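Going letter by letter, the sequence shown gives residues 325 to 510 in the working numbering.
We put the CB at the ideal spot given by N, CA and C, even for glycine.
This one's a predicted model, so the numbers in the text were calculated from it and none came from an experiment.
Have a look at the structure below, then the notes.
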Amino acid sequence: MAEEEKEKLEVLAAAYGIQPSYSDIWGNTKTIPPETLEQVLGAMGVDVSNPQEALQHAEHRSWNQLAPPVLVVSIDQLPADFFFHLPSNSSPGALSEKELQVRLEITGENISPINHSYHLEQLNFKKDHQIDDITYKCWSFPFPSTLSIGYYHFNLTVAYENHKHQQTTLVAICPQQAYLPPALQG
325 MAEEEKEKLE VLAAAYGIQP SYSDIWGNTK TIPPETLEQV LGAMGVDVSN PQEALQHAEH
385 RSWNQLAPPV LVVSIDQLPA DFFFHLPSNS SPGALSEKEL QVRLEITGEN ISPINHSYHL
445 EQLNFKKDHQ IDDITYKCWS FPFPSTLSIG YYHFNLTVAY ENHKHQQTTL VAICPQQAYL
505 PPALQG
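As structure tokens, then:
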């Protein structure tokens, strides 16, 4: 496989959350062979015969979702913001920012539902992104910082005019590191 094709495959793999290399137990960096990347992507339903087209499909999929379906974060490195996307000039449902209302309901393993509401002045506009004839706007609000280790469902509802977008994101807040038995410590 030519170096340019390998690079395109690695970019495609990264778009689907697959790292092109890893560190083994001894700290050595191991590069994933291109054939393995192709097999993993294929198992995920990605057509790797045309990496550029598959990458465009991944970009469309990402921006067409209100929010990511899954988010895994470490308790010691919680993100500052939770991001979401909206089409701003697609019809029907052109975005009227003045009427933008965002509601987040957080449910978890051992907590009562937590509700947050955000109006335009509480949101952070991040950027515009153009795909074909549609401009998407990326917004964010502060990531809830009071959550502890565990699994949560972030039920996000974004409404404007007569339109409503909803999506649930599974959020896993993990410990800084996995349990290490005393015999293996230090």
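Spatial neighbours of Ser-441 in its own chain (CB-CB distance under 6 Å, excluding positions within 5 residues in sequence) are listed in chain order as Arg-427. Rounded to whole angstroms, the separation of the alpha carbons of Lys-354 and Asp-348 is 7 Å. In this model, Thr-493 and Ala-382 are separated by some 18 Å (Cα to Cα). The residue among Ser-345, Tyr-340, Trp-463 with its C-alpha nearest the C-alpha of Val-394 is Tyr-340.
Taking 3 residues as the shortest admissible run, the region 408 to 460 contains the following complete beta strand (DSSP E) segments, listed from N- to C-terminal end: 425 to 432, 438 to 443, 448 to 455. Counting only unbroken stretches of 3 or more residues, the beta strand (DSSP E) elements lying wholly within the region 458 to 501 are 458 to 466, 474 to 484, 487 to 498, in sequence order. Looking at the DSSP output, Val-396 sits in a beta bridge with Ala-496. One thing to note: Ala-483 has its Cβ within 8 Å of the Cβ of Gln-425. A direct Cα-Cα distance of roughly 36 Å separates Gln-380 from Ile-438. Ser-386 sits in a helix when the DSSP states are folded into three classes.
Nearest neighbour of Ile-497 by Cα position, chosen from Ser-373, Ala-326, Glu-429, Leu-471, turns out to be Leu-471. For Phe-406, the number of other beta carbons within 10 angstroms of its own is at least 16, and it is reported as buried.
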